[in-house]
Amino acid sequence: MRPGWWNAVLIGIAVLPAAVMLLVERTSSSSDADDIATTPAIVGSVAMHVARTSPGGLVVATVTIAADRPVHLGGLMVQVRDAQGRSQDAAGRPFSPPTLGQLELNADAQTLTAARQIRVSGTFSYVLAYRDGNAWTTLPPYDTFTIT
-17 MRPGWWNAVL
-7 IGIAVLPAAV
3 MLLVERTSSS
13 SDADDIATTP
23 AIVGSVAMHV
33 ARTSPGGLVV
43 ATVTIAADRP
53 VHLGGLMVQV
63 RDAQGRSQDA
73 AGRPFSPPTL
83 GQLELNADAQ
93 TLTAARQIRV
103 SGTFSYVLAY
113 RDGNAWTTLP
123 PYDTFTIT
């Protein structure tokens, strides 16, 4: 294994409060039966900050992410749901910050930020989701936050 991968993992464990290992399936382009398809390891974390605004709150999601080798993600986002599992308020305004777009990952950690004003009070959960091809893969909730 490359030393850069270990550095990213150690930084992720030491510095990032909610590090999680994501596995992105990658297929081998070789037809040699002895070649084994390997799955890159991706380390990511989300830090949420809520600033009071009227009405509701401004939610800022900071995502830090790296991989043990070059990997292309079709998209990355922090999905936010209310306590009833809804992704938007009664007026149709989404709770989730905008999608962070396509990413080329490597061993150097990238930090991305997205924000959204949530105009209702309540307790919300969030997950990190990535797109590989046309499918979004979500991970278990990192945590919750409350807007009063």
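The sequence shown begins at -17 in this note's numbering and counts up one residue at a time.
Glycine included, every Cβ here is placed at the ideal spot set by N, Cα and C.
What are the complete beta strand (DSSP E) segments, minimum 3 residues, inside the region 57 to 82? Counting only runs of 3 or more residues that sit fully inside the region 57 to 82, the beta strand (DSSP E) segments are 57 to 64, in chain order.
How many Å lie between tryptophan 118 and tyrosine 112 at the Cα? Straight-line Cα distance between these residues: approximately 6 Å.
Does the distance from the C-beta atom of valine 25 to that of alanine 43 stay below 8 Å? It is not a contact, given that the beta carbons lie outside the stated cut-off.
Alpha carbon to alpha carbon, what distance is there between asparagine 88 and glutamine 99? In a straight line, the C-alpha of glutamine 99 is about 31 Å away from that of asparagine 88.
Taking the C-alpha atoms as reference points, what is the distance between serine 69 and histidine 54? Straight-line Cα distance between these residues: approximately 26 Å.
Consult DSSP for tyrosine 112 and reduce its assignment to one of helix, strand or coil. Note: tyrosine 112 maps to strand in three-state DSSP.
Rounded Cβ spacing between methionine 30 and valine 41 (contact assumed at less than 8 Å): Correct: roughly 6 Å between the Cβ atoms.
Cβ shell of glycine 104 (< 8 Å), same chain only, five flanking positions each side left out: Only Asp64, Ala65, Thr128 and Ile129 meet the Cβ criterion.
Contact set for isoleucine 20: own chain, Cβ-Cβ below 6 Å, skip 5 residues either direction: Inspection of the sequence shows that residue 20 is occupied by threonine rather than by isoleucine. Excluding residues within five positions, none has a Cβ falling inside 6 Å.
Threshold first: 3 residues or longer. Then list the beta strand (DSSP E) segments lying entirely within the region 17 to 52, N to C. As far as the region 17 to 52 is concerned, its whole beta strand (DSSP E) runs of at least 3 residues are 23 to 34 and 39 to 49.
In angstroms with no decimal places, state the Cα-to-Cα distance between glutamine 84 and aspartate 71. A straight-line Cα-Cα distance of about 27 Å links glutamine 84 and aspartate 71.
Would you kindly report the start and end of the unbroken beta strand (DSSP E) that includes alanine 117? Counting along the chain, the beta strand (DSSP E) containing alanine 117 begins and ends at 117 to 120.
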